[in-house]
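Read in order, the letters of the sequence shown correspond to residues 606 to 905 in this note's numbering.
Glycine included, C-beta positions come from ideal geometry on N, C-alpha and C.
From a predicted model like this one, the values you see are computed outputs, not experimental measurements.
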Amino acid sequence: MEKRYTDAEISRVATKIRKHILRLAMERGGCYLSQACSSADIIASLYLKILNLGPSLGSMDAQPFPGVPSPKNMDYPKGSLYHGAPAKDKDRFFVSPAHYASVIYCALAECGRISREAIDKFNVDGWNMEMIGAEHSPGFECTAGSLGQTISIAAGTAHARKLQGDTGKVYVLLSDGEIEEGQVWEAFQAAAFYKLDNLVVYVDINGLQVEGYTKDVMNTEPLAERFEAFGAKAVPVDGHDVAALVKASKTAHAGKPLVVLCYTDSAHDVPLLEKRKPFLHFARIDADEMEQFKELYEQM
């Protein structure tokens, strides 16, 4: 029987995810740590309480990099295997911000879908635990990135599943920086037109991107009003409140895609990052800061 996690247990898993990635940042000279700070509660809630996935079919160990897909290389290990076998009544989960890969790997490890030892192969040449996820990376259904193409792939998948009569839903993790891309809005326009109420999108709104504050680079607020204008049902929540994240997934949205707008903090659980805002896209830990971060790591 599948374990039922309490909200407190899920919050603790989220902290463990951040701790794993803080260790990677200290050991590897840097990592996408702020993205873990902002999204870990969202991703832990999805894996442990919201998503309806089958047992993982992926290897518990990291795998050698199989090479890019080609007509001669179509048998590479699929990242989607970690979400179980495709089934009409099971959900599918697409990760759009590919640089959140470390968060996905660590979440899979904390959920028992890959070993904790596999995390040690993160960003090591020759292995599939890449810093920027792709279709062969654990937990990834497709190649993704900042152009926002994953939402289009996911919406197409949701449309196909609706035509086939599948009862499982299609979930997507999106980041707020991607919302600047026109493809995202075209996808939602189509999703609303085809009444894709089997499409659920969680957006990590941490307010930062590589150039600084999102509001200064290209303001996208008011997001709830914009998504609803494009035909979706939008629900703003505190992205660190597990109960709110789970409750939002149950919002009625007949005939419309559901968008959960998760407002988050890029220094959550790692307050030493606060002074670096708004330039937190990739966190490097210098030698003179190492002791402070080690002390924080031991306290987490």
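Alpha-carbon to alpha-carbon, residue j and residue i
i	j	result
GLY844	MET679	38 Å
SER701	VAL851	20 Å
TYR776	GLU903	34 Å
LYS621	TYR705	16 Å
LEU878	HIS625	16 Å
ASP870	PHE884	13 Å
VAL865	ALA645	15 Å
ILE648	TYR799	27 Å
VAL729	ASP809	27 Å
LEU901	VAL618	17 Å
VAL708	PRO669	20 Å
LYS693	PHE727	33 Å
ALA859	GLY634	47 Å
Buried versus exposed, by CB contacts within 10 Å (16 or more), residue i
i	result
ASN824	exposed
SER675	exposed
GLU746	buried
LEU801	buried
VAL840	buried
LEU863	buried
THR611	exposed
TYR818	exposed
ALA613	exposed
GLU632	exposed
ASP893	exposed
ALA703	buried
VAL815	exposed
GLN640	buried
VAL806	buried
PRO827	exposed
LYS838	buried
For residue i, three-class secondary structure by DSSP
i	result
MET606	The predicted position of MET606 is uncertain, since its pLDDT is 43 and thus under 50; a value taken from the coordinates is nonetheless stated next. In the structure shown, MET606 sits in coil (DSSP, three-state: anything other than H, G, I, E or B).
TYR799	coil
TYR710	helix
ILE890	coil
TYR637	coil
VAL822	helix
LEU629	helix
VAL805	strand
LEU901	helix
Residues near residue i in its chain [Cβ-Cβ closer than 8 Å; skip 5 each side]
i	result
LEU768	none
MET606	Because the pLDDT of MET606 is 43, which lies under 50, any placement of that residue in the model is unreliable, and the number read from its coordinates should be weighed accordingly. Same-chain partners within the cutoff: there are none.
MET736	CYS636, TYR637, HIS704, ALA706, SER707, PHE727 and ASN728
Nonlocal neighbours in the same chain, by C-beta distance under 7 Å from residue i, ignoring five residues either side
i	result
PHE835	TRP790, PHE793, GLN794 and ALA797
GLY689	LEU658, GLY659, PRO660, SER661, LEU662 and LYS695
HIS873	CYS642, SER643 and HIS845
LEU713	TYR687, ILE719, PRO743 and GLY744
LYS654	TYR610, ILE615 and VAL851
CYS711	ILE622, HIS625, ILE626 and ILE724
Cβ neighbours of residue i in the same chain (closer than 6 Å, five flanking residues each side left out)
i	result
ALA630	CYS636, LEU638, ALA888 and ILE890
CYS716	TYR652
ALA763	VAL775, LEU801, ASN803 and LEU804
ARG584	The first residue shown for the chain is 606 and the last is 905, placing residue 584 beyond what the model contains.
ILE784	THR825
SER780	PRO702 and ASP809
PHE699	GLU746, THR755, ALA759 and VAL777
GLY886	The sequence shown places His at residue 886, rather than the Gly named in the question. Excluding positions up to five away in sequence, the list reads VAL815.
VAL875	CYS642
Neighbour flag for residue i against chain D, beta carbons, 8 Å
i	result
GLU816	Absent from the structure: chain D. Only one protein chain is present.
Entirely enclosed alpha helix (DSSP H) segments - the segment 826 to 875, minimum 4 residues: DSSP runs (the alpha helix (DSSP H)) wholly in the segment 826 to 875: 828 to 834 and 847 to 853.
Beta strand (DSSP E) runs contained entirely in the segment 662 to 727, provided each spans 3 or more residues: 697 to 700
3-residue-minimum beta strand (DSSP E) runs that sit fully inside the segment 716 to 796, ordered along the chain: 775 to 780
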